[in-house]
Every structure is written in structure tokens, then in C-alpha cells.
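See below for the structure under consideration.
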Amino acid sequence: MKEKIEFELNGKKVNVELDKSQTLLWVLRTYFNLTGTKYGCGEGYCGACTVLINNEAVRSCATKMGEVAGKSVVTIEGLAKGDVLHPVQKAFVEHDALQCGYCTPGMIMNAVGLLNQNPNPSREDIIWGMEDNLCRCGAHNRIIDAIQTAAGEINGGK
Amino acid sequence: MKPEEINRYYFSDVNSPPGVNRRDFLKKLGGGIIIVFSFSAYTVVNGCLQKKEEEEAGDVPEFNAYLRVKEDGTVDCYSGKIEMGQGINTSLSQILADELEVPFESINMIMGETSLVPYDAGTWGSMTTRFHDPLIRAAAAEAREVLKELASEKLQIPVSELKAQDGKIISINNPKKNISYAKLTIGKKIVKGLGEKIPLKKPGEFKVIGKPFFRRDAVEKVTGVAKYTADVKIDGMLYARIVRPPAHGSTLIFADTSEAESMEGVEIFREEDFIVVLHSDPEAAMLAADKVKAEWKIPDAKADDETIFEHIKRTAVDTNVRYKGGDLKKGKKESAIIVEEEYHDGYKAHASIETHAATAVYNNEKLTIYASSQTPFGTRQAISERYSIPLENVLIKQIYIGGGFGGKIYDQQAREAARIAIKKEGTPIQLMWNRQEEFMYDMFRPAAVVKVGAGMDKTGKLNYWNFEIFCAGDRGTELFYDIPNHQTTVSDGPEVHPFGTGAWRAPGNPSTTFARESHIDIMASKINMDPLEFRLKNMNNQRALNSLQLAAKSFDWNKELPEGHGKGIAVGEDAGTLVTVMVEVKVDKSSGQVQVIRAVVGQDMGQVINPQGTIIQAEGCVNMGLGYTLSEDVEFNWKTVKSKNFDDYQITHFSTVPETIETVLADAMDQPPQGGGEPAIICMGAAVANAVFDACGARVFRMPVTPERVLAALA
Ligand code: FES
Ligand code: FES
Numbered sequence: 001m002k003e004k005i006e007f008e009l010n011g012k013k014v015n016v017e018l019d020k021s022q023t024l025l026w027v028l029r030t031y032f033n034l035t036g037t038k039y040g041c042g043e044g045y046c047g048a049c050t051v052l053i054n055n056e057a058v059r060s061c062a063t064k065m066g067e068v069a070g071k072s073v074v075t076i077e078g079l080a081k082g083d084v085l086h087p088v089q090k091a092f093v094e095h096d097a098l099q100c101g102y103c104t105p106g107m108i109m110n111a112v113g114l115l116n117q118n119p120n121p122s123r124e125d126i127i128w129g130m131e132d133n134l135c136r137c138g139a140h141n142r143i144i145d146a147i148q149t150a151a152g153e154i155n156g157g158k
Numbered sequence: 159m160k161p162e163e164i165n166r167y168y169f170s171d172v173n174s175p176p177g178v179n180r181r182d183f184l185k186k187l188g189g190g191i192i193i194v195f196s197f198s199a200y201t202v203v204n205g206c207l208q209k210k211e212e213e214e215a216g217d218v219p220e221f222n223a224y225l226r227v228k229e230d231g232t233v234d235c236y237s238g239k240i241e242m243g244q245g246i247n248t249s250l251s252q253i254l255a256d257e258l259e260v261p262f263e264s265i266n267m268i269m270g271e272t273s274l275v276p277y278d279a280g281t282w283g284s285m286t287t288r289f290h291d292p293l294i295r296a297a298a299a300e301a302r303e304v305l306k307e308l309a310s311e312k313l314q315i316p317v318s319e320l321k322a323q324d325g326k327i328i329s330i331n332n333p334k335k336n337i338s339y340a341k342l343t344i345g346k347k348i349v350k351g352l353g354e355k356i357p358l359k360k361p362g363e364f365k366v367i368g369k370p371f372f373r374r375d376a377v378e379k380v381t382g383v384a385k386y387t388a389d390v391k392i393d394g395m396l397y398a399r400i401v402r403p404p405a406h407g408s409t410l411i412f413a414d415t416s417e418a419e420s421m422e423g424v425e426i427f428r429e430e431d432f433i434v435v436l437h438s439d440p441e442a443a444m445l446a447a448d449k450v451k452a453e454w455k456i457p458d459a460k461a462d463d464e465t466i467f468e469h470i471k472r473t474a475v476d477t478n479v480r481y482k483g484g485d486l487k488k489g490k491k492e493s494a495i496i497v498e499e500e501y502h503d504g505y506k507a508h509a510s511i512e513t514h515a516a517t518a519v520y521n522n523e524k525l526t527i528y529a530s531s532q533t534p535f536g537t538r539q540a541i542s543e544r545y546s547i548p549l550e551n552v553l554i555k556q557i558y559i560g561g562g563f564g565g566k567i568y569d570q571q572a573r574e575a576a577r578i579a580i581k582k583e584g585t586p587i588q589l590m591w592n593r594q595e596e597f598m599y600d601m602f603r604p605a606a607v608v609k610v611g612a613g614m615d616k617t618g619k620l621n622y623w624n625f626e627i628f629c630a631g632d633r634g635t636e637l638f639y640d641i642p643n644h645q646t647t648v649s650d651g652p653e654v655h656p657f658g659t660g661a662w663r664a665p666g667n668p669s670t671t672f673a674r675e676s677h678i679d680i681m682a683s684k685i686n687m688d689p690l691e692f693r694l695k696n697m698n699n700q701r702a703l704n705s706l707q708l709a710a711k712s713f714d715w716n717k718e719l720p721e722g723h724g725k726g727i728a729v730g731e732d733a734g735t736l737v738t739v740m741v742e743v744k745v746d747k748s749s750g751q752v753q754v755i756r757a758v759v760g761q762d763m764g765q766v767i768n769p770q771g772t773i774i775q776a777e778g779c780v781n782m783g784l785g786y787t788l789s790e791d792v793e794f795n796w797k798t799v800k801s802k803n804f805d806d807y808q809i810t811h812f813s814t815v816p817e818t819i820e821t822v823l824a825d826a827m828d829q830p831p832q833g834g835g836e837p838a839i840i841c842m843g844a845a846v847a848n849a850v851f852d853a854c855g856a857r858v859f860r861m862p863v864t865p866e867r868v869l870a871a872l873a
């Protein structure tokens, strides 16, 4: 049954008429044209679909619209401030931490969620925090380094 | 090109590019200086030649790529190659910038779109660097020479007193006298093939080639702006979900689509057993497809993931001798020590994180397809033939690909989307396979068996080598060890595999390298010789030695390791590159768990265009390779693929990767460039298996090297 669902998306209030059981991943991609959030497995195993909900990294493929109502969602498109990249995005570029780039939005969103919870992660913390985000191109080492750099910038800077 | 033909190239040693043709492409182009070039006229001797006759006959020479210095001084290069993460967009730009003497930023690579670029056979087999780079360099040099001639006329200075620099031609004696490329090209349209003697820069003169460059597309990719096939949205588009059988080769007994049809907005498209649910909402299409009741008859099982190796030996009976020397019988008889073993490797999935996707629309007899494809031109050809649409009316749009690794060559999804779109004229159709379909319809890396018999004298000098390959091809199997009596055979058969198999990053080579390099280690251990020393003693290929010595030095091979740790080597050849991988592992003897601590890759790959890109590819090979080495194995019962998602098919996770990966490259700037996207991956299996043996004495003969297999080998 369709009903009105209100939530905040990348800093703006939005509302949609949808069934509460619809899945955030497909809603973002289809109704908001936010295609930076990717499908990889649909069952929570790969992390390509990761977004932030109330600052926490969440698998959008396993999130129903009913759970999103009233909350704040941030996707990869909402991370940069205009032309200024988020420190994690910037660190990914600087470390060349991507190849095909398909896992990248999910990696970045998961990393931002990780840093929100633990601003000073050790290498081990990063590995276990990122463990279930999959990258087939094998950019792992660079991703770990990028997250460490970003943590340093977030803590040290601004 | 047909899949069989692609596989033929892929699984064997390719030493010359496949011939391709394409004429008459230039009329639509604007002005400037246009240099056309092609694979077919390529020669490896001293650069490149292009037949002159065609030009003289007033015809356009055959070509499959071209570059154009435009009237604003920037440079477009059009190529049928595609970028799928391997970074060729960057490395090809570097070559152009260097040879043409223009800033890196003014190069614009246009790749893989069938209406914009000339024909290309596809991006696979590590052929881009080996066969494309030299041509692009020659074309850039040719354009530079044309510009010099134009400048000579304008400035009234002989060509010999001019040089190119920073997008200008300047007088060597009086740099104030100069003219920009933009000024030289304005109002001109000059089309040329490659001349016979093009002065290429010497390695010592390179400014951009050989320097590390970061990838050009990073910002688009980190902001979510980069568009992949399923990100394309066209007004009125319907999402398609195909009702799939439970197993390959199934026959449909009956299907009832009534419940699905009764759902709001659902449309059913059906042609015999091809049943498709369409909806304007992708999730609604999925839900409705689940409501289709279908009953299938599945074929009787002949083998599963345990019995497949016996099945392979029974059915792969077409045997060919690929390499041979001396006398096998004699070699075996004369050897003091003989070891015979059999090595097994299961099926592997490509498992790129982007599943196969295609977006297709058929309008006014024209079919446009966005497809995540490694072979846009092959796909176009196949679709044109299958649906009788003239070639020029099939347009393949190339956008970002979320990983290929050989899996996006076969393009079943594009054919499926086309089939629906053609019947639903005017309605754009998007088909994105789900992960389960991806695991079912992947063209898997074939399961393989390799039987090895080797013999040597008491000092460790190899004298006998009998290498029998089943289902892994001969790619990279020419020996770089000096073994007087040797033979390599390849056996295959038409109906060995229960499902589709195909090219997987460095096809066949990971399986054969696992067997060869494990066996070499076993031989060394039989006489208690260090495996590095044993290889040095028996190796007869200088470039293999280069890679081995480079790796040994960086790795510090003779360093003492902590208790429970072990080190392993594997050497291999792929796509013209010689590679050594050394790893240090830690083995937990009670659980059988293997952790790779560090890896060193030593590579002799000839001239290196972009060291940064090369290092990243090598790291990718190590990390991706650890998946097939330690955990990846497709589970199946004959035609039923039981691996359905990433929970039952474990690829590399963050905790799998070594803390450091070091890549060392041989200094060979004066040598032709070789492939770099695949080599290191072939060594991972044996390097790890050898290190596990070194750590705890467990010798595992079957990949993946799982904890259970390590424990079983210890028992
Ligand atoms: S698509 Fe959501 S975790 Fe894979
Ligand atoms: S960069 Fe390709 S999957 Fe991670």
C-alpha cells in the first residue's frame, strides 16, 4: 500500500508516495536518480549500496523505506560540499584507491560511517570496519591507506 | 568475433594481434591533422609500418584507430579499446602527450563507442599495451612530423632546424621563432597513414612516458557521477527481469504467469521459454518475476565439484603436443629422482562487483545499446546477425565498466536486452542481472587438471619434464627452465564442462603455473635445496632470471622468519611479461588458517609506460589472486550452480590482503612494452602453496588452499 514517506535526503527534505516495504537502494536509484549507490549483491554481502542513515553506514539494499521515514539519508552524491571533496573522497583520489570504481561509492560511505564512530581507527580497526565491503579489482591496500590519511586530516585539520 | 575464437586467442600464447579491418570512417570528421593507423599493418620490427600503396591509390588506408590534432591545438585519440579500471585511458594519453609534445591534459581519449571509433576486436588478452601502444606512439610521432613540415613552410626554416615543444614548433636556433599547433592546424584537414620511417623518441628523451600518473577518472568515480550501464535512465524505460531455470540445459514443462500479470503495472514478454517480466519499477519487476510459477526438467547429473577432476580426465581426450624437446623416455630413465603428481583447480567466477547489464532501445529500425562490454564491436556484430539489423543500425554506447577480468566479453545480457527491445519497439529496456544470475551465467574459468612428472640427477639438475594439461590451455607454458627432455600436452574436449567457461584474467595460466611452480618446489625439497637456488640453477631465460632476482632482493629471501611463518616463490610468464611473486605467510597449525603477511612482485615487462598504473595492476593481481588461491571455488552439482552469492563464493576481503605489496620492475625502457594487467595473478596459487609448505610441511595439491586442505595435508 502506498503512503507518504518523508525523510531528509542529502540535506533536503523530501517526500515520496511509496509502499513502506520498498527498498531504499532501488528507490534512490529509480525515483531520485541517485545512481552512485550501486547494486552488487542485494543481500548485504558486498557493501556497494552503502549509504549513511543518521550518520551511520547502512546497506541500502537491506533497508526498507519504512525504516527511513523521518531520518536523514546521505548518499555519495551528497558528500562533497559543492566542488570541495569530503576528506575521504579526496584521500581516495590522492591514494589512487580505485580501479573500475564500482565499489568506490560504497567504500567511501562505509569509511565515512566508520570514521563517524571511530575518528581515530588503527589499521586493524579499518580492516575490520571495512571487512564486508568487497572490491574485485583489489584496491584494498590503497583504500586502507586512504582512510588513514582521511582520519588524519579530519582530526588534525579544520 | 565469436566466443570460441576469443577463447582461442585467450588460452594460447598470442604473439601477433588478430587482423581487423575497417575503412572509410573519416568523412564525418572535422578539420585538423588526422593520422590513421591499424593493427593489420603492424610490425614489431623497429616500430611500425603502414602500407603506402593505398594512400597513393587515393584511397584511405585501413585503420582501426586514429588521432586528430584539432584546430584548437588539443588532441583527440579515438580507439576501440575500452577502459574498465585497468587504466589504459591514462597510459595511452601519456604516450601521446610525450611523442606529440603536448600537455597531458590536452589529450582526450575517446574509447569503445561503435559510432565514434573504428572497429576493434575487443579489450582482452593484455593486448592493448603490447600491440596498441607502439602504434599510438608512431601516430603521434607522425603527426608531430606533419606539424613540423607545416611550420617549416610558415616560418621559412628547414625542418631539420625545428623541434616540437609544449604544443608548439619552435626554431632550435632562435626559440622566439615559433608557432603553435592551433595556428598550424586551423582551416586544414590533412589525413595521413603512418609513414615508413617515423623518428620515435629514444627512451632517454621521454618526458611523460615512464613517469607515474594517477588515473584520470578518479574524481568522477569518488563523487558517484561516473555512469555505468545500469545508471542510464531513459524516459519511459521498463526494467526487465527474466524468469530463469534452476540449472543450465533445463527444459520448461509449464509456466503460469497469471499471478504476476495481475500485479499492477506488470507486462509479460514471452517467447517460448524466454519469459520476461517488465515494470517501470525495478523492484516491482523482481517481485512479479518471483510470482511466475514455472516447472523445469533439469538434466541428469554427471559430476559435481568433487568428482569433476575424474570427469575431466575421462572426457578431455583431444590431446595436442604443444612443446617438445629431447626424448622423454630417455630423460626419465636417466633421472636419479623422479616425482609424479597431479594438481587440481576448480571453477572460478569473474565476480566483478558490477553485474552484467544492458540498456537497449529500438527506434526507427535503429538499435542503441548501452552495455558493460569488453567487446563492443563483437557485440554489435552478433546482434546485427542474430536479429538481421544492418550493422550500421546497431549502435553500442560505451560507458564505464565495473570490472571485466574477461567476464564481460560474451555479452549474453546485451543480446537478451536487444531481444526484448526489438519486440517492444520504442520502449527502452534495462536489464541488470542479479548476483544469482551472474553466478549462473558467468563464463567460468574452467576447472583443470595438470599431471606433472619430473626427473633430475642427484645435484638437482632437471632432465625430464612431462607436463599434461587438461582444460587450461597452453598460455604461458613455454618452459623457462633448461630441461633437455620435455613435453607439454594440452587435452580438452567439446563437452567436458557442465556450463559455460571462458577467459578469466590470464586464462588457464593460474592453473598451470600452480602446477609447474608447486612441482618445481617439490623437486627442490627432495634434495633439500633452497627453492630459490634450485630455480637459479635450472633457469635458462634471462628475463625470468631478472624478475626472480629483483623479487629476491626486495623480499630479502634469506632473512630468518618467525616460527610458524613460511615463504614461497612462483615464477611465470604471461602476455610477454616474466614475473616472480614471493610471499610470506603465517599458518595456524591448529585451524589450518593461512594469512599472507607480505608479497613482492618482480616483473620484467619491457618498457613501462605508467609505473603508477603498473604497480596498481600488480597489487590488484595479488589481492584478486588471493581469492582463487585461498577461498574461491564454484560449488555445483553438474548443471546446477550452487554458489549463488558472495556468502558461498568468498572473494578477497580486507582481512585477506597482505599488509604490504611491493612491486619491482626491471629497467627495460629500451625493450618493447608487454602486458601488465594480468601477469602477477598467475603466480599467487603456487607462491602461497609453497609458502604454506615452508611454514608447516603441508603440501596442498588442489586450489583453493583452504584450512581443511591444509589440515588434511598435515595429518
Ligand atoms: S548490494 Fe547491498 S550489500 Fe551488496
Ligand atoms: S575498484 Fe573495481 S571493484 Fe573496487
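In order, the protein sequence lines correspond to chains P and L.
Under this note's numbering, the first sequence has 110 at position 110, and the numbering climbs by one with no breaks.
Under this note's numbering, the second sequence has 513 at position 355, and the numbering climbs by one with no breaks.
Backbone N, C-alpha and C fix where the C-beta goes; we use that ideal spot for every residue, glycine too.
Taking any Cβ of chain L, which residues in the stretch 97-123 of chain P have a Cβ under 7 Å from it, in chain order? L98, Q99, C100, G101, Y102, C103, T104, P105, I108
Taking only three categories from DSSP, how would you classify D324 (chain L)? Here residue 324 (chain L) is taken as the residue at index 166 of the second sequence, counted from 1. In the structure shown, D324 (chain L) sits in coil (DSSP, three-state: anything other than H, G, I, E or B).
Taking just the CA atoms, how far does K581 (chain L) sit from D448 (chain L)? The residue labelled residue 448 (chain L) in the question sits at position 290 within the second sequence. The residue labelled residue 581 (chain L) in the question sits at position 423 within the second sequence. Roughly 23 Å separates the two Cα atoms.
Is the beta carbon of H469 (chain L) less than 9 Å from the beta carbon of D600 (chain L)? Residue mapping note: residue 469 (chain L) aligns to position 311 of the second sequence, counting from 1. Residue mapping note: residue 600 (chain L) aligns to position 442 of the second sequence, counting from 1. For H469 (chain L) and D600 (chain L), no; Cβs fall outside 9 Å.
Which residue marks the beginning of the beta strand (DSSP E) containing R136 (chain P), and which one marks its end? Position 136 of the first sequence, counted from the start, is the residue given in the question as residue 136 (chain P). From DSSP, R136 (chain P) is part of no beta strand (DSSP E); its letter is neither H nor E.
Quick one: is Q761 (chain L) buried, meaning 16 or more other Cβ sit within 10 Å of its Cβ, or exposed? For the purposes of this step, residue 761 (chain L) is identified with residue 603 of the second sequence, where counting begins at 1. Buried, since its Cβ has 16 or more Cβ neighbours within 10 Å.
Within-9 Å CB hit, A48 (chain P) to chain B: This model lacks chain B altogether; the protein chains it does include are P and L.
Where DSSP assigns a beta bridge to T647 (chain L), which residues make up the other side? Locating residue 647 (chain L) in the second sequence gives position 489, where the first residue counts as 1. Per DSSP, L:V479, L:E626.
Using the beta-carbon of each residue, which ones in chain L are nearer than 8 Å to V93 (chain P)? Taking the first sequence and counting its residues from 1, the one referred to as residue 93 (chain P) is at position 93. Result: F372, A376, V377, V380.
Partner residues on chain P for F804 (chain L), Cβ-Cβ distance less than 7 Å: By one-based count along the second sequence, residue 804 (chain L) stands at place 646. What F804 (chain L) touches in chain P: C41, Y45, C46, L134.
State yes or no: is the beta carbon of N141 (chain P) nearer than 9 Å to at least one beta carbon in chain L? Counting from one through the first sequence, the residue named residue 141 (chain P) turns up at place 141. Closer than 9 Å to some Cβ of chain L, the Cβ of N141 (chain P) qualifies, so yes.
Whole-angstrom Cβ separation of T647 (chain L) and T477 (chain L), contact assumed at under 8 Å? Counting from one through the second sequence, the residue named residue 647 (chain L) turns up at place 489. Counting from one through the second sequence, the residue named residue 477 (chain L) turns up at place 319. Their Cβ separation, rounded to whole angstroms, is 5 Å, which keeps T647 (chain L) and T477 (chain L) in contact under 8 Å.
Quick check: is any heavy atom of ligand 2 less than 8 Å from the C-beta of Q305 (chain L)? Along the second sequence, one-based indexing puts residue 305 (chain L) at 147. Correcting the residue identity first, residue 305 (chain L) is Leu in this sequence and not Gln. Checking every heavy atom of ligand 2 against the Cβ of L305 (chain L), none is found closer than 8 Å.
Checking the sheet assignment: what are the DSSP bridge partners for F412 (chain L)? Counting from one through the second sequence, the residue named residue 412 (chain L) turns up at place 254. BP columns for F412 (chain L) point to L:E453.
Could you check whether the Cβ of R190 (chain P) sits closer than 9 Å to any Cβ belonging to chain L? For residue 190 (chain P) there is no data in the structure shown, the boundaries of chain P being 1 and 158.
Closer than 6 Å from C-beta to any heavy atom of ligand 1: which residues, in chain order? In chain order, the residues that have a beta carbon nearer than 6 Å to some heavy atom of ligand 1 are P:Y39, P:G40, P:C41, P:G42, P:G44, P:Y45, P:C46, P:G47, P:A48, P:C49, P:R59, P:C61.
Tell me, which residues are paired with N33 (chain P) by DSSP? Residue 33 (chain P) sits at position 33 when you count from the first residue of the first sequence. Partner(s): none; N33 (chain P) has no beta bridge.
Which runs of the beta strand (DSSP E) spanning at least 3 residues fall entirely within the stretch 323-378 of chain L, listed in chain order? For the stretch 323-378 of chain L, whole beta strand (DSSP E) runs of length 3 or above, ordered along the chain, are 326-329, 336-338, 347-350.
Contact belief for N133 (chain P) with C103 (chain P) at Cβ below 8 Å, rounded distance in angstroms: Here the question's residue 133 (chain P) lines up with position 133 in the first sequence. Here the question's residue 103 (chain P) lines up with position 103 in the first sequence. With a Cβ gap of about 7 Å, N133 (chain P) and C103 (chain P) count as contacting.
Let's see if you can read the secondary structure: which residues bound the beta strand (DSSP E) around G190 (chain L)? Locating residue 190 (chain L) in the second sequence gives position 32, counting from the first residue. Run containing G190 (chain L): 190-195, per the beta strand (DSSP E) assignment.
Please tell me whether, using a cut-off of 8 Å, the distance from the CB of C137 (chain P) to the nearest non-hydrogen atom of ligand 2 is below it. The residue you call residue 137 (chain P) lines up with position 137 of the first sequence. C137 (chain P) Cβ: within cutoff of ligand 2.
For ligand 2, any of its heavy atoms closer than 8 Å to the Cβ of S530 (chain L)? Looking up residue 530 (chain L) in the second sequence gives position 372. No, the Cβ of S530 (chain L) stays beyond 8 Å of every heavy atom of ligand 2.
Thinking just about the alpha-carbon of each residue, which of L:I541, L:K555, L:Q556 is nearest to the one in L549 (chain L)? Within the second sequence, the letter at position 391 stands for residue 549 (chain L). The residue with the shortest Cα to Cα distance from L549 (chain L) is L:I541.
Is T810 (chain L) near ligand 2, in the sense that its beta carbon is under 8 Å from a heavy atom of that ligand? Against the second sequence, residue 810 (chain L) aligns to sequence position 652. No, Cβ of T810 (chain L) sits at least 8 Å from all heavy atoms of ligand 2.
Using a C-beta to C-beta distance shorter than 7 Å, which residues of chain P count as neighbours of D389 (chain L)? Counting from one through the second sequence, the residue named residue 389 (chain L) turns up at place 231. Near D389 (chain L) (Cβ distances below 7 Å), the residues of chain P are T35.
Is M861 (chain L) close to ligand 2? I mean its beta-carbon at under 8 Å from any heavy atom of the ligand. As a working mapping, residue 861 (chain L) is identified with position 703 in the second sequence. No; taking the cut-off as 8 Å, the Cβ of M861 (chain L) has no heavy atom of ligand 2 nearer than that.
Rounded Cβ spacing between V752 (chain L) and V850 (chain L) (contact assumed at less than 8 Å): Position 594 of the second sequence, counted from the start, is the residue given in the question as residue 752 (chain L). Position 692 of the second sequence, counted from the start, is the residue given in the question as residue 850 (chain L). The Cβ separation is near 6 Å, so the contact holds.
At 9 Å on the CB atoms, spell out the chain P contacts of Y558 (chain L), in chain order. In the second sequence, residue 558 (chain L) corresponds to position 400, counting from 1. Contact of Y558 (chain L) with chain P by beta-carbon distance below 9 Å involves C100, G101, Y102.
Can you tell me where the alpha helix (DSSP H) with L293 (chain L) in it begins and where it stops? Mapped onto the second sequence, residue 293 (chain L) falls at position 135. Note, L293 (chain L): alpha helix (DSSP H), 291-313.
For H469 (chain L), which three-state DSSP category applies? In the second sequence, the residue the question calls residue 469 (chain L) occupies position 311. Helix, per DSSP.
What are the residues in the stretch 58-78 of chain P lying within 8 Å of chain L by C-beta distance? T75, I76, E77
Residue of L:G855, L:T818, L:V401, L:S329 minimising C-alpha distance to I774 (chain L): Mapped onto the second sequence, residue 774 (chain L) falls at position 616. The candidate whose alpha carbon is nearest that of I774 (chain L) is L:T818.
CB contact below 9 Å: K12 (chain P) versus chain L: The residue labelled residue 12 (chain P) in the question sits at position 12 within the first sequence. Chain L contact via Cβ: absent.
Could you tell me which whole alpha helix (DSSP H) segments of length 4 or greater appear in the stretch 646-685 of chain L? 667-684
Let me see if you follow: with CB-CB separation under 9 Å, is L9 (chain P) close to chain L or not? Taking the first residue of the first sequence as 1, we reach residue 9 (chain P) at position 9. Output row for L9 (chain P): interface = no.
Cα separation between R701 (chain L) and P831 (chain L)? Translated into the one-based positions of the second sequence, residue 701 (chain L) becomes position 543. Translated into the one-based positions of the second sequence, residue 831 (chain L) becomes position 673. If I take the Cα positions, the gap works out to 13 Å.
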